[in-house]
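Asker:
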Amino acid sequence: PKLVKYPYFVRRTRFQSLPVYRDTKNGGTRKLTIVRRVEGDLEALRSDLAQALGENSHIVVRKISQQLVIKGDCTRGVREWLTKKGF
Numbered sequence: 012p013k014l015v016k017y018p019y020f021v022r023r024t025r026f027q028s029l030p031v032y033r034d035t036k037n038g039g040t041r042k043l044t045i046v047r048r049v050e051g052d053l054e055a056l057r058s059d060l061a062q063a064l065g066e067n068s069h070i071v072v073r074k075i076s077q078q079l080v081i082k083g084d085c086t087r088g089v090r091e092w093l094t095k096k097g098f
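At the far end of the sequence shown sits residue 98, using our numbering, and the numbering has no gaps.
Set out below in structure tokens:
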């Protein structure tokens, strides 16, 4: 297997699960997907995720907290994509 180096890294939690979470706002009408524990180039991760999820996906980068916030509930797709990438 060929080792690929990405400009970003998503560190797993202490229970070895991926830090991808679902958040609900506005009394359950607004669903968000949050990717935490990101190290490195957040913009590169955002653009790679946008290609994987579709160009119409709305992804916001929170630089201070090192998080990505994706509009909509796509936790399963993000987890599968991160697993496929080797994180």
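Each residue gets a CB set at the ideal place from its N, CA and C atoms; glycine is no exception.
1. Kindly indicate which three-state DSSP category residue 86 falls into: helix, strand or coil?
2. Under a Cβ-count criterion, where at least 16 other Cβ atoms within 10 Å of its own Cβ denotes burial, should residue 81 be classed as buried or exposed?
3. Do you know whose CA, among 15, 91, 75, 83, lies nearest residue 47's CA?
4. Express the C-alpha separation of residue 36 and residue 20 in angstroms, rounding to a whole number.
5. Have a look at the DSSP bridge pairing and note the partners of residue 27.
Answerer: Inspection of the coordinates gives the following:
1. In this structure, DSSP gives residue 86 a helical state, which the three-state scheme calls helix.
2. Buried is the call here.
3. Minimum Cα distance to residue 47 is reached at 75.
4. Pairing residue 20 with residue 36, the inter-Cα distance amounts to about 28 Å.
5. Answer by DSSP bridge pairing: none, since residue 27 is not bridged.
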